[in-house]
Amino acid sequence: MAGASLAAAIGSRARVVMLEAEDHPGYHTTGRSAAFWTESYGGPGIQPLTTASGPMLHALGMLTQRAALTIGTDAQSDAIDAFAARFAALGVEVKVLEREGLLQSVPGLRATWTRGVLEPSCCDIDVAALHQHYLAAAGKAGTELRCRARLTRAEREGSGWRLGLADGTELTCDILVDAAGAWADPVAELAGVRPLGITPFRRTVVQLDVEPATTADLPLVLDIAETFYFKPDAGRLWLSPHDETPSPPCDAAPEEIDVALAIERLGDVVDWRIRRLDRRWAGLRSFAPDRLPVYGFDPRQPRFFWCAGQGGFGIQTAPAAADLAARLLLGDAPGEVDPGPYLPIRFD
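50 is the number of the first residue of the sequence shown in my numbering; add one for each residue after it.
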């Protein structure tokens with residue numbers, strides 16, 4: 050998503066080649082997203098990008114109303130109030146609910162959960178359609194997409210780069226953009242650029258058939274301590290234990306212990322019966338040390354541009370992030386979102 054959205058944003062003003070190591074784009078994390086847009090997800094540092102992306106995603110027809118509900122126990126009441134106050138101050142629509150309101154939103158919710166914060170603006174994202182939109186827009190603007198084009202060498206040549214691919218192909222470019230997700234630091238190392246400590250973490254999702262059957266108006270449900278989230282999808286329940294297990298960059302697969310943990314945590318939240326485990330999958334969420342994305346030219350290598358470290362928020366922030374990164378890459382004036390917090394110079 051990062052590479053496709055940025056290519057679409059700059060393609061009409063630059064010659065762009067997009068290198069994809071796999072047989073087709075979106076094989077890894079982009080294709081394994083839990084597919085929601087909610088302004089509080091990721092914290093205050095991510096919120097400006099998410100909020101700015103909302104109107105663009107709505108205009109593209111990529112969002113469907115869902116609502117999000119972050120819940121807590123009596124012992125977490127102060128955390129619930131602080132969460133609501135923090136995001137209300139940022140302009141996010143929030144509403145604090147007591148026990149009766151929680152039950153109206155989530156039938157069968159266990160008595161432990163007594164307070165929550167409702168975000169009516171939360172939506173589902175059509176991730177596949179959004180990704181295809183950016184790929185098509187990039188292609189229309191002249192971007193050349195090369196699949197099965199794994200980067201194996203990147204050397205400075207004159208004022209630009211000479212790149213070597215796994216099939217023996219070589220090409221040259223003026224600027225190398227690192228939008229490689231979990232492989233962002235390895236790509237930097239190939240280019241002789243100091244890595245930033247961008248670490249991939251495995252995230253597990255399972256799809257369950259539950260009783261009573263999930264309804265389309267069930268909100269996205271998260272907990273204030275970030276130990277689970279779940280949402281309905283086509284009559285099934287998508288559930289994650291909110292795991293973050295450090296991983297090398299790879300084709301991530303779910304571990305049985307994380308699947309079991311997800312199911313155990315669901316049992317602590319609702320009094321529902323699980324009839325069947327339909328599917329399980331995992332993806333990699335890649336974070337910089339401060340858990341904010343990195344957009345901008347490397348301070349030590351001005352022909353190397355970072356577009357990485359999107360964590361689990363790269364889909365919901367894609368429109369605003371692509372606009373911000375494109376402005377930095379092309380030397381345009383800043384747009385709606387201040388680029389300062391996301392510049393790589395903060396690690397220098």
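Beta carbons are placed, not taken as given, at the ideal position from N, Cα and C, and that holds for glycine.
Nearest to residue i (by Cα), restricted to the options the options
i           : options            : result
residue 98  : 379, 365, 392      : 365
residue 121 : 271, 249, 356      : 271
residue 276 : 310, 82, 286       : 310
residue 266 : 274, 302, 280      : 280
residue 297 : 319, 321, 252, 261 : 252
residue 380 : 288, 354, 134      : 354
residue 224 : 154, 208, 339, 370 : 208
residue 326 : 299, 348, 289, 181 : 289
residue 269 : 170, 192, 176      : 170
residue 315 : 228, 372, 159      : 159
residue 323 : 307, 285, 195, 55  : 285
residue 154 : 174, 115, 186      : 115
residue 332 : 254, 84, 218, 213  : 254
residue 343 : 237, 305, 307      : 237
residue 73  : 370, 50, 308       : 50
residue 256 : 345, 117, 283, 132 : 283
residue 259 : 246, 157, 373      : 157
residue 352 : 137, 206, 188      : 206
residue 92  : 136, 105, 334      : 136
residue 132 : 304, 90, 250       : 90
residue 317 : 305, 278, 341      : 278
residue 295 : 246, 210, 161, 84  : 246
residue 300 : 52, 75, 64, 63     : 75
Short Cβ contact (9 angstroms threshold) for residue i with residue j
i           : j           : result
residue 109 : residue 368 : yes
residue 88  : residue 146 : no
residue 399 : residue 151 : Outside the shown range of the chain (50 to 397) lies residue 399, about which nothing can therefore be said.
residue 330 : residue 357 : no
residue 167 : residue 141 : no
residue 336 : residue 360 : yes
residue 198 : residue 70  : yes
residue 231 : residue 78  : yes
residue 165 : residue 100 : no
residue 222 : residue 212 : yes
residue 262 : residue 183 : no
residue 190 : residue 241 : no
residue 363 : residue 187 : no
residue 423 : residue 94  : This structure gives no information on residue 423, because the portion of the chain shown stretches from 50 to 397.
residue 334 : residue 304 : no
First and last residue of the uninterrupted alpha helix (DSSP H) at residue i
i           : result
residue 234 : 233 to 239
residue 105 : 96 to 108
residue 193 : Counting along the chain, residue 193 falls outside any alpha helix (DSSP H), though it belongs to the beta strand (DSSP E) covering 193 to 195.
residue 132 : 126 to 138
residue 368 : 367 to 379
residue 313 : 305 to 318
Enclosing beta strand (DSSP E) for residue i [first to last residue]
i           : result
residue 72  : Counting along the chain, residue 72 falls outside any beta strand (DSSP E), and DSSP gives it neither H nor E.
residue 54  : No beta strand (DSSP E) contains residue 54, which is instead part of the alpha helix (DSSP H) from 51 to 59.
residue 269 : 269 to 272
residue 151 : Careful: residue 151 lies outside any beta strand (DSSP E), inside the alpha helix (DSSP H) at 148 to 154.
residue 345 : 343 to 346
residue 281 : 278 to 282
residue 285 : 285 to 289
Residue i - partner residues in DSSP beta bridges
i           : result
residue 203 : 212
residue 332 : 252
residue 360 : 335
residue 168 : 117
residue 85  : 173
residue 222 : 210
residue 321 : DSSP, once it has assigned bridges, lists no residue as partnering residue 321.
residue 144 : 167
residue 396 : Answer is none; residue 396 lacks a bridge partner.
Nearest-angstrom beta carbon gap, residue j and residue i [assumed within contact, 8 angstroms]
i           : j           : result
residue 393 : residue 347 : 6 angstroms
residue 82  : residue 176 : 5 angstroms
residue 67  : residue 220 : Rounded, the Cβ-Cβ distance is 12 angstroms, inconsistent with contact.
residue 174 : residue 86  : 5 angstroms
residue 54  : residue 371 : 4 angstroms
Residue-level contact to chain B via CB, residue i, 9 angstroms cutoff
i           : result
residue 333 : Checking the listed chains, one finds no chain B in this structure; it contains a single protein chain.
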